[in-house]
Amino acid sequence: MNPIAIELKGVSKRFGEVVANKNVNLTVYKNEILSLLGENGSGKTTLMNMISGIYFPDEGSIEINGKPVVIGSPRDAHNYKIGMIHQHFKLVDVFSAADNIILGEKMPVYSVRGEAKECLKALPTDSVVKEVEKDGKTTKTLDFNTLWGYLKVYLKIAALPFIKFGKKVAFDFLKKNRVKELQAVADKYGFEIDLKKKIYELSVSEKQTVEIIKVLYRGAEILILDEPTAVLTPQETLKLFAVLRRMREDGKAIIIITHKLNEVMAISDKVAILRKGEHIATVNTAETNEKELTEMMVGKKVSLNIDRDDPVNPVDRLKVKGLTVINHDKIKLLDDVNFVARSGEILGIAGIAGSGQRELLESIAGLVKFDGGDIVYYDPQKNNEEVDLKSKTPVQIRDLGVRLSFVPEDRLGMGLVGNMDIVDNMMLRSYKRGHSLFVDRKAPSKLADEIVHDLEVVTPNTRTAVRKLSGGNVQKVLVGREIASAPTVLMAAYPVRGLDINSSYTIYNLLNEQKKKGVAVIFVGEDLDVLIELCDRILVLCAGKITGIVDARNITKEEVGLLMTKTEEVKEVE
Amino acid sequence: MFTALITEAFRFTAIYLFGSTGETLTEKSGNLNLGIPGIMCFGATGAVIGEYVYELAIGGDVSKMQAFPAIVIPLLFCMLFAGALGAFYCLLTVTLRCNQNVTGLTITTFGVGVLSYFKGVLGTRATFAKASLFFTDGLDFADKLGWIGKVFLSHGFMIYLAIAISLLVAFVLKKTRTGLSLQAVGENPATADAAGISVTTNKYVATVLGSMIAGFGGVFYIFDYLGGVIPNDIEAFGWLAIAIVIFSVWRPNLGILASFLFATLYLLKSYVAPYLSGIEQAELIKMIPYVVTILVLIVTSIVNKKETQPPASLGLSYFREER
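In structure tokens form, the structure reads like this:
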């Protein structure tokens, strides 16, 4: 049995009303890779942030090497040799990789007091006064040798503060051969990277390598990697795994957060599963399989009793063909996506966060330029005539008579202007109407009153800045505005995120109403129970690819869960 | 004529160089201090007050004036005044997270106003002509070294101080961990914070030191260049100093050359005036630095090399992400 590196005992963390972690027990051993598995919002990142000193647990204790410790800040975590590699790299673009690694490095401790104690040990033990026998008489004389011995020690102690200052100055100078020295260390560990290069010249995977070297250089014994493979190509993932295995052999304890089951199976020794903030189980990877892990991850089905009518004579409304979006790091955010959204139907989109949902909706809305494929809209007013939406701006799309509504994920960033009141936010969609020099305030004001009344928005009046409203009320205002324009396609990204039960049901009902009116609704959600009960069909995205379009009435949560985590096989490297 | 122009331009470089070095140091920490013109004025005000206090202390008898206190007292007062205003800028932008542009412009307005007040109050009462002699006193042997000595070595100490500070700042930024940390704060404060570097301390120290350096520019202008007269046009040089920061792509050693160029172009007008047909052309020559700055900005944007870009988080306030 390997020795325990870190042990969490009964750790809980609350953010106001929300319980992020509840009584979590977790043990990580040296020479071991532990995968932390869980859906979005299951509390994985919060848990890891408590280990790395960003949050402080409300209850419970953390033990490192068998001793209880208090990790109050990232600095403490560093002292306990805990290193975390975040999803978003913390690197300075214009510095070389080597300079990023040494950034913030502290001088080795030099204590004047301690050094002085050392010096005092060298004090001569003889007396300074020497008795000399001469001609039968004993005379006392000074022994200059001993005196010099004393003097030497005291002079040295007096010089210590200056030595410390000198060392400080010397340490402050950047060594000319610092790149070479670090490069030698990196080569020894087998990292393929040129540390002379500036960060902006590096690929994503090389940047990650710099982060790993940085953590190792600071002597980390416990490494935490937050979704390290999310940004990597399969080949780069294999390289990363090789590095992780080498570190495991080196005696490090490694915690890796990932959603991809095949990677969990390939790399880890043990898997810990979190669900809704609670620790469900820790199992040996060798004794489990993907299906079992999925079941533990998604849990038992919860019945929500959301109304769902059968679609009334659905027709194709929006067709997406071979849609591909590539970001500036040359990573495919969407890869050959094909699907059709039909009128009178709710199409759900499931997937781990960041699987391309955002890019998909923004491509349709005309906010993202896509690198391949076509988007076609069938106009119901012109007898379902085809309208090409490729490389059109939102304004052009509207001018073509396409009635597209979009409820974005970022409500107060993309959807509404927080500092403006409800009426003004309504006007964002209508200010261009009319021929008068002045804007029409009457219509938006009336619409605002209607929304506040019909959707039961809790607000002092319609002249209140929307940022002062609660999350649920903000969402009602946004959805209310979007459906007021009588859309034919309604896209909603995470419309119930952060909402209480009642507000959530209000939103479900609104979506169902639109469906009855013959609108093609596209609903991006994260709660599988909701998706399965609300939608007619579910499209599952995984790493930018469609892994399945399924009938929501005849599918289980586990099946969707498996599709969400299904990526290409990771082959073992020798 | 050419030698005369270069000689004067070399000396005049000081006002630009102090200002631009101070502003570069400040901007490296991510603080876009548009208060620099005001801080130069305020620092100069401090120096004027300091010199006045010294003159009062020796009973107003300028013949008893000694070189050391006559130089050191105004410089210390300048550092105190300019540093205090720089610290105030940090208090507003770093601690209270006010908008940097608005704060900077307010400080400029304030500094210019204060100097103009003291110009009215002290300009008639005190004469700084005697004190100014200590500032302009050059090396005795300079004249014996031919034209090189005359052009480069015959001036008061402040231009050499300016060059020394600028080289020192360039060295610290490039060769030390202190400089590396400071630049990390200006480029990516979140990263610096995670690496255990105090963002607040770095911003305060860089801004206060930068303000002190910039303040020396005002002192130079009054006590060295103008011979002890309180002016009302320091602000213009402050804005040009900010232009030089852009022109020198945030490198203090390039700032020396840029300041020299700007000084030459500024003085060129009076040297070429006799050869020009009208006042309009002379005034047009004065515009060259501004046009050149715009051109540099365009060129560096087109080239879009990361090294010639301003610090990435310039003008933004930083606070740790909170949930």
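In order, the protein sequences belong to chains A and B.
Per my numbering, the very first residue in the first sequence carries number 1025; after that it's consecutive.
Per my numbering, the very first residue in the second sequence carries number 42; after that it's consecutive.
The beta-carbon is built from N, C-alpha and C at its ideal position, and this holds for glycine as well.
- Contact check for TYR266 of chain B against ILE275 of chain B fails: the beta carbons are separated by 7 Å or more.
- Taking 7 Å as the cut-off, the Cβ atoms of TRP291 of chain B and THR65 of chain B count as close.
- The region 1178 to 1194 of chain A and the region 192 to 207 of chain B do not touch, with fewer than 3 CB-CB distances between them shorter than 8 Å.
- For PHE1197 of chain A, the neighbours in chain B by C-beta distance under 9 Å run, in chain order, LYS216, THR217, ARG218.
- Scanning the region 262 to 332 of chain B for uninterrupted beta strand (DSSP E) segments of 3 residues or longer gives nothing; none is fully contained.
- As summarised for the region 1487 to 1537 of chain A, the continuous beta strand (DSSP E) elements at least 3 residues long and confined to that stretch are 1513 to 1517, given in chain order.
- Taking a beta-carbon distance threshold of 7 Å, TYR1104 of chain A does not count as an interface residue toward chain B.
- Annotation: ALA1516 of chain A to GLY1496 of chain A spans about 14 Å, alpha carbon to alpha carbon.
- Beyond the five residues adjoining it in sequence on each side, GLN224 of chain B comes within less than 6 Å, by CB distance, of LYS69 in the same chain, given in chain order.
- Annotation: Cβ neighbours of LEU221 of chain B in chain A (cutoff 7 Å, chain order): ASP1123, LEU1127, LEU1198.
- Contact annotation for TYR1224 of chain A against chain B: LYS347 [CB-CB distance below 9 Å, chain order].
- Excluding residues up to 5 positions away in sequence, PRO115, PHE118, CYS119, VAL260 lie with their Cβ nearer than 6 Å to the Cβ of ALA88 of chain B in the same chain.
- By the criterion of a C-beta distance shorter than 6 Å, SER289 of chain B is surrounded in its chain by LEU295, GLY296, ALA299, once the five residues flanking it on both sides are discounted.
- By alpha-carbon distance to TYR1134 of chain A, the top candidate from A:ALA1146, A:LYS1191, A:ALA1121, A:VAL1326 is A:LYS1191.
- Rounded to whole angstroms, the gap between the alpha carbons of MET1271 of chain A and PHE1215 of chain A is 12 Å.
- According to the DSSP assignment, ASN1362 of chain A belongs to the beta strand (DSSP E) that extends over 1356 to 1366.
- DSSP links LEU1249 of chain A through a beta bridge to A:ILE1109, A:ILE1280.
- In this structure, PHE264 of chain B keeps its C-beta atom at 7 Å or more from the C-beta atom of SER195 of chain B.
- Distances from the alpha-carbon of VAL1513 of chain A to those of A:GLN1538, A:LEU1523, A:LYS1500, A:LEU1032 put A:GLN1538 closest.
- One Cα belongs to LEU208 of chain B, the other to LYS215 of chain B, and the distance between them is close to 11 Å.
- DSSP places ARG52 of chain B in the helix class (H, G or I) of the three-state scheme.
- Here the C-alpha atom of GLY1090 of chain A lies approximately 7 Å from the C-alpha atom of ILE1028 of chain A.
- Per DSSP, the continuous alpha helix (DSSP H) segment holding TYR201 of chain B begins and ends at 198 to 216.
- Per the DSSP secondary-structure output, LEU1032 of chain A pairs in a beta bridge with A:LEU1050, A:ILE1086.
- Considering only A:VAL1344, A:PRO1432, A:PRO1258, A:SER1292, the residue with the shortest C-alpha distance to LYS1054 of chain A is A:SER1292.
- Non-local C-beta neighbours of SER1527 of chain A in its own chain, meaning closer than 6 Å and more than five positions away in sequence, comprise GLY1496, ordered along the chain.
- For chain B, the residues of the region 1089 to 1119 of chain A that bring a beta carbon within less than 8 Å of one of its beta carbons are PRO1098, ARG1099, HIS1102, LYS1114, LEU1115, VAL1116, ASP1117, VAL1118, PHE1119, in chain order.
- Taken in chain order, the complete beta strand (DSSP E) segments of 3 residues or longer contained in the region 1280 to 1330 of chain A are 1294 to 1299, 1302 to 1308.
- Under the criterion of beta carbons closer than 8 Å, LEU1565 of chain A and GLY1375 of chain A qualify as touching, at roughly 4 Å.
- Short of 7 Å from the beta carbon of LEU308 of chain B, and not among the five residues preceding or following it, lie these beta carbons of its own chain, in chain order: LEU46, GLU49, ALA50, PHE53.
- The alpha carbon of ILE271 of chain B has as its nearest neighbour, out of B:VAL210, B:GLY190, B:ASN243, B:THR168, the alpha carbon of B:THR168.
- At a cut-off of 7 Å between C-beta atoms, GLY84 of chain B does not count as an interface residue with respect to chain A.
- The contact set of ILE238 of chain B on chain A, defined by CB atoms closer than 7 Å, consists of GLY1128 in chain order.
- At a beta-carbon threshold of 7 Å, the residues of chain A lying near ALA231 of chain B are LYS1114, ordered along the chain.
- For GLU321 of chain B, no Cβ of chain A is located within less than 7 Å of the residue's own Cβ.
- In the DSSP assignment, ARG1453 of chain A is bridged to no other residue.
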